[in-house]
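In my numbering, the protein residues as written are 71 to 409.
Glycine included, every Cβ here is placed at the ideal spot set by N, Cα and C.
Below: the structure, in structure tokens.
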Ligand SMILES: NC(=O)c1ccc[n+]([C@@H]2O[C@H](COP(=O)([O-])OP(=O)(O)OC[C@H]3O[C@@H](n4cnc5c(N)ncnc54)[C@H](O)[C@@H]3O)[C@@H](O)[C@H]2O)c1
């Protein structure tokens, strides 16, 4: 059995990754190390083969806890754990610096101490800032790091520490930078599940600014597959951009959700824009396609339909979140109470 250590595996992308690799490979054992913050949800781990999945509750900033959980013979560390929501980083950045920067550094040190064979760091296209409206510019792996939000700044800082661990100590590292993910089990503060959950409850759909910000959307399982290939085939020290060539205006995403749910566009409510809101992300993924032999398999319409169906079939999952601390967060963010 190959042992792999995954941080943040109770979150949206980490859990999708674990479901996928345990289904697709029979010789893998996962240690899932997660602090279970507001975004971590043990329900996301239902249905996993428990003989090959060991959950450890712990904080990546806690050096002793990480060293205790990380086996010496681990094939890889996959670092998904992060504070991941831009809006929360605008309200308070310090948790982002702590988990995303310091936590990554703790993991890098632990990986060296335990002779881990490869460190795969999950980063984001947001480290490269924002592209001009309607230009034909794209993010490549050579684009400068120009983060605009505290979240993106913390992810960019983490990337520098990953690079430094390789250049200084020879740790085998790979970084992936993906665009916006969508799919099952995403916490409802993020655009697509927020809109689905509100529309299902006939509540107003808050859209920032003029709704013409562009995001490059990818189905979460396609992202997970790319991360696995980056681990298996990526060159040490390299960065791989991951994107499905699927740019969409936010307002079009929201309208598509309403149409698929059979709800009226009158539910849309434009609200004051997010501070420093990045205008456009667009990813050139040619390097991942050629070097990793990766291609996205889910097209936008199918992916969105599958995602909506998951939220319809898992309304208890959504309601448990909407009835918890998320209610207060929502009120503070949007000045309105959830039903
Ligand atoms: N969601 C996206 O669209 C997207 C796109 C590109 C990259 N990413 C990156 O992918 C990774 C996963 O994103 P996600 O959307 O699944 O995030 P998420 O917020 O859904 O999950 C984060 C997980 O990390 C855990 N965690 C947070 N702080 C921790 C700590 N100190 N110690 C241990 N665990 C901790 C949480 O409990 C949670 O389970 C992040 O690194 C994020 O920056 C996300």
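Exercise for review: Identify which residue in 210, 107, 226 and 293 has its Cα closest to the Cα of residue 89.
Suggested key: Taking the chain shown and counting its residues from 1, the one referred to as residue 89 is at position 19. Selected option, being the one with the closest Cα: 293.
Point to revise | Integer-rounded CB distance, given that residue 163 should sit under 8 Å from residue 220 | key: On the chain shown, position 150 is the one that residue 220 refers to. On the chain shown, position 93 is the one that residue 163 refers to. Contact between residue 220 and residue 163 holds, since their C-beta atoms are separated by about 4 Å, short of 8 Å.
Check your understanding: Helix, strand or coil for residue 62 per DSSP?
Key -> Because the chain spans 71 through 409 in this model, residue 62 falls outside it and cannot be assessed.
Practice item. Examine the Cβ distances between the region 305 to 322 and the region 232 to 251 and report whether three or more of them are shorter than 8 Å. Key: Put simply, the region 305 to 322 touches the region 232 to 251. At least three CB pairs are less than 8 Å apart.
Point to revise | In chain order, each beta strand (DSSP E) run of at least 3 residues that lies wholly inside the region 259 to 298 | key: Restricted to the region 259 to 298, the beta strand (DSSP E) segments that are unbroken, complete and at least 3 residues in length are 275 to 278 and 284 to 289, listed in chain order.
**Study point:** According to DSSP, residues forming a beta bridge with residue 201
**Key:** Translated into the one-based positions of the chain shown, residue 201 becomes position 131. According to DSSP, residue 201 bridges with 350.
Review point. Less than 8 Å separating the beta-carbons of residue 177 and residue 126?
Key: Working through the chain shown from its first residue, we reach residue 177 at position 107. Working through the chain shown from its first residue, we reach residue 126 at position 56. The answer is no: Cβ separation not under 8 Å.
Check your understanding: Where does residue 381 sit, in a helix, a strand or coil, going by DSSP?
Key -> Looking up residue 381 in the chain shown gives position 311. If DSSP states are grouped into helix, strand and coil, residue 381 belongs with the helices.
Check your understanding: Going by Cα to Cα distance, which pick from 200, 348 and 278 is closest to residue 338?
Key -> As a first step, residue 338 must be located in the chain shown, where it is residue number 268. Nearest option by C-alpha distance: 278.
**Study point:** Residue(s) in a DSSP beta bridge with residue 77
**Key:** Locating residue 77 in the chain shown gives position 7, counting from the first residue. In the DSSP assignment, residue 77 is bridged to 103 and 149.
Point to revise | Burial state of residue 102 (16 or more Cβ within 10 Å) | key: Your numbering for residue 102 matches position 32 in the chain shown. Taking every protein chain shown into account, the CB of residue 102 has 16 or more other CB atoms within 10 angstroms, so this residue is buried.
**Study point:** Nearest to residue 331 (by Cα), restricted to the options 382, 109, 80 and 291
**Key:** The residue given as residue 331 occupies position 261 in the chain shown. Ranked by how close their Cα comes to the Cα of residue 331, the residues 382, 109, 80 and 291 have 382 in first place.
Review point. What did DSSP end up calling residue 317 once you bin it into helix, strand or coil?
Key: For the purposes of this step, residue 317 is taken as the residue at position 247 of the chain shown. Strand, per DSSP.
Check your understanding: Looking only at its own chain, which residues have a Cβ that is under 7 Å from the Cβ of residue 210, when we skip the five neighbours before and after it?
Key -> Within the chain shown, numbered from 1, the residue matching residue 210 stands at position 140. Closer than 7 Å at Cβ, skipping near neighbours: 311 and 354.
Point to revise | Where residue 82 falls, given that 16 or more other Cβ within 10 Å makes a residue buried | key: In the chain shown, counting from the first residue as 1, residue 82 sits at position 12. Looking at its Cβ environment, which holds 16 or more other Cβ atoms inside 10 Å, residue 82 is buried.
Check your understanding: Is it buried or exposed for residue 227, if we count other Cβ within 10 angstroms and need 16 for buried?
Key -> Sequence index remark: in the chain shown, residue 227 carries index 157 (1-based). Residue 227 is buried by the Cβ-count criterion.
Practice item. To the nearest angstrom, report how far apart residue 297 and residue 305 are at their CA atoms. Key: Against the chain shown, residue 297 aligns to sequence position 227. Against the chain shown, residue 305 aligns to sequence position 235. So the alpha carbons of these two residues sit roughly 13 Å apart.
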